[in-house]
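Notes for the one structure printed next.
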Amino acid sequence: MCGIIGVSASTKNVSPIISLGLRRLEYRGYDSVGAALISDGKIMVWKAKGDVQSFLRRFKLEEKEGKTGIGHTRWATHGAPSDVNAHPHLDCSGKIAVVHNGVIRNFAMIKKVLEARGHRIVSETDTELIAHLIEDELPFSSSFFEAFYRAVSRLDGSFAIVALYGEEPNRVYFARMKSPLVLGLGEGLNIVASDIPAIIDHTRRVATLEDGELGWLDDKEVRVFSLTEQGVVEVSREEIRNRIITVDWSFEEANRLGYPHFMLKEIVEQPLAVKNTYDGNVDEPMLSFAASLLLDAKRIIVVGAGTSYHAALALSYYLARTSRLPSLPVISSEHKSAERFVEEGDVVVAISQSGETYDTLEAVRAFKRQGAKAIGITNVVGSALSRETDVVIYMRSGPEIGVAATKTYTSQLMVASLLSLRAAQARGLLLEGEVQELLRRLSLSPEILKAAVSASMKIVGKAPLVGVRSMYVLGRGLGHIISKEAALKIKEIAYVHAESYPAGESKHGPIALVEPGFPVFFVATSDSPEIEGNIMEMAARGARVVVVRPEDLDVHAPEGTELIDMPPAGNDVMLEPYSMMPYFQVLAYVEAVARGYDPDKPRNLAKTVTVE
Ligand code: M6R
């Protein structure tokens, strides 16, 4: 995690650019903040534990002078959040400043060597070691750049690094290995940052860096090199030019636009996001190509982490139901379990909003090494996932800033439905007329979402979580898949222990926890009428039973059940998630706000998880 930025500009002071960049990157980590500028050949550093706003207020960063600088917003890995562990970190001479995102695996060994060589290490971070390593290489190098790449080549792990050297007052050095880093190429200014929102206020020309690339920028040019076993080889300017994309969304689109929180804004935006996903993919040749890969696959594995794993479960469900294709859903960080049997002819479908989740990328890499082909489903153009897969399908949901995945989840479900539909069509399981009818029905999802969001806002007070510390969310079939995402939202945003379980399985153990008044929420879907039995079982034990259902779905529930009626979904499993998911998103949001938590910055979390 962590957000990093480095800027060099010819005429401007870069401190306002860094300040704004820190605000834009805060979603990546928010336990401490720091910045460094080169001013009169000296490196000035400001850093502190706490959030970006307090940091900017306290140090008045925007008023500081310097044409080259770096900034960092932290999500702690090595060492607790504290002033001293905040980045940037300096070497012993104070001439080298480093910010970093990622984890250095050979940290302990490097620390030992550096301490033995007399370096004074003041923080608990792995990042500080990088500054000392560069310092250590400097006497043996003909340039700072050589010392920089020699140091980088000694690192093992995942990292995006940005560094300053006081004696080269216009340059910002950077390196990327398995952690995101993008270049912003402007007029009289160049930027390197973890993510596009830190760049687009200043230039829309963005180029991604590949793993193993490093280099430097100043106000006039950017030079990129590739780290090889023989040393560094420059990446041609033409190649960099070819990578440039023009970002066509504004930060306004990623801005709160008057909403109190990004999470709420993004919940409300779902109809539009899902419409864009539908419109942008319904006739997309890549989707049909991906479907043809699935048909030819020996085995299909679907991977994702967190919410994206829940979307992977939905994809697996739709593939089985609509296209009659078996697939194995695997949690990204558990990919080793599947690695042993994956082989040539297999196809992995990897789902990741950011396209930068470390665990998901590692899963894709591992399966590809075994000979599998990879299909990526992501929201971020140019992300690592989009570059490392054989086919990429873009979700087109627009930027999602809130840490909780909301609109990107429902967009992922739309891609899952479209993909399984195309696969069924390619298998000859559906006639043209049937395909058209199913597509017509799917195109109703934005309307259902719109009604669901507005109904949720009105009825959420009906089943509040006041005083609730622990609860179950149960479902069967598709309902179980939805219940997993519902429980995750409630846990991560409202900090209420919410456990999802297959409703039929609850009697094999979890029911032991149920005592009078214990909240049990059911997600009722048309594929599983058997859920009525499970509702009765819980009611019989005095549980507080809440049933969430599309209002056109018949569910017989005993007296005393709290029924949450959501918009009709025609008893169609492809539409039911859009009817019910907003209720749980709004419930988690409202409860978090009522409990005084910030839903956009849930504790211990970050938007993009780029560590193992
Ligand atoms: O960017 P990704 O979709 O790969 O992120 C994976 C998870 O970290 C993410 O879905 C996470 O679970 C959600 N932000 C939770 O709301």
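In terms of my numbering, the sequence shown has 649 at position 576, counting the first letter as 1, and numbering is strictly consecutive.
Note that beta-carbon positions come from the ideal geometry of N, C-alpha and C, so glycine has one too.
All values derive from a computational prediction rather than experimental measurement.
Of the listed residues the options, nearest to residue i (C-alpha basis)
i, options, result
"residue 23", "649, 289 and 202", "Residue 23 lies beyond the stretch modelled for the chain, which goes from 74 to 685, so this question has no answer here."
"residue 659", "537, 236 and 272", "537"
"residue 417", "427, 405, 441 and 402", "441"
"residue 664", "270, 541, 335 and 346", "541"
"residue 336", "231, 559 and 474", "474"
"residue 457", "359, 683 and 491", "683"
"residue 194", "166, 662, 221 and 179", "166"
"residue 681", "243, 291, 579 and 427", "427"
"residue 199", "191, 211 and 172", "172"
"residue 287", "262, 253 and 317", "253"
"residue 353", "452, 260 and 269", "452"
"residue 648", "486, 422 and 233", "486"
"residue 402", "381, 396 and 413", "381"
"residue 316", "283, 377 and 118", "283"
"residue 349", "450, 415, 469 and 250", "469"
"residue 600", "422, 481 and 623", "623"
"residue 86", "346, 206 and 263", "263"
"residue 107", "113, 182 and 132", "132"
"residue 125", "103, 269 and 270", "103"
"residue 496", "561, 395, 533 and 668", "395"
"residue 230", "219, 236 and 251", "251"
"residue 261", "271, 650, 276 and 595", "276"
"residue 355", "492, 368 and 620", "492"
"residue 422", "467, 413, 455 and 454", "467"
"residue 646", "554, 285 and 500", "554"
Residues near residue i in its chain [Cβ-Cβ closer than 6 Å; skip 5 each side]
i, result
"residue 686", "The first residue shown for the chain is 74 and the last is 685, placing residue 686 beyond what the model contains."
"residue 605", "629"
"residue 228", "177"
"residue 615", "589"
"residue 524", "640"
"residue 334", "672 and 673"
"residue 701", "It is not possible to answer for residue 701, since the shown part of the chain is limited to 74 through 685."
"residue 307", "298"
"residue 679", "74, 101, 102 and 148"
Residue i - containing alpha helix (DSSP H), residue span
i, result
"residue 685", "It is not in any alpha helix (DSSP H) - residue 685 carries neither H nor E in the DSSP assignment."
"residue 118", "No alpha helix (DSSP H) contains residue 118, which is instead part of the beta strand (DSSP E) from 115-122."
"residue 186", "180-189"
"residue 335", "335-341"
"residue 205", "200-210"
"residue 379", "379-395"
"residue 135", "Per DSSP, residue 135 belongs to no alpha helix (DSSP H) and is neither H nor E."
"residue 659", "649-667"
Per DSSP, the bridge partner or partners of residue i
i, result
"residue 145", "77 and 107"
"residue 173", "234"
"residue 257", "264 and 279"
"residue 448", "422 and 464"
"residue 92", "According to DSSP, which records beta bridges pairwise, residue 92 is partnered with nothing at all."
"residue 564", "Per DSSP, none; premise fails for residue 564."
"residue 373", "420"
"residue 82", "262"
"residue 622", "638"
"residue 367", "For residue 367, which the question treats as bridged, DSSP gives no partner whatsoever."
"residue 631", "In the DSSP output, where bridge partners are listed per residue, residue 631 has none listed."
"residue 295", "290"
8 Å Cβ shell around residue i - same chain, five flanking residues per side excluded
i, result
"residue 135", "88, 89, 92 and 129"
"residue 520", "344"
"residue 563", "538, 544, 546, 569, 571, 657, 660, 661 and 664"
"residue 378", "404, 405, 406, 425, 430, 432, 433 and 682"
"residue 478", "379, 380, 381 and 426"
Cut-off 7 Å between Cβ atoms - residues of its own chain near residue i, not counting five sequence neighbours on either side
i, result
"residue 61", "Outside the modelled stretch of the chain, which goes from 74 to 685, sits residue 61, for which no answer is possible."
"residue 151", "180, 197, 198 and 199"
"residue 591", "616 and 617"
Extent of the continuous beta strand (DSSP E) to which residue i belongs
i, result
"residue 307", "304-307"
"residue 638", "635-639"
"residue 245", "245-250"
"residue 705", "Residue 705 cannot be examined here, being either before or after the span of the chain that is shown, 74 to 685."
"residue 404", "401-404"
"residue 32", "Shown here, the chain extends from 74 to 685; a query on residue 32 therefore has no answer."
Check: residue i C-beta below 7 Å from any heavy atom of the ligand FMN
i, result
"residue 228", "No copy of the ligand FMN appears in this structure; the ligands present are the ligand M6R."
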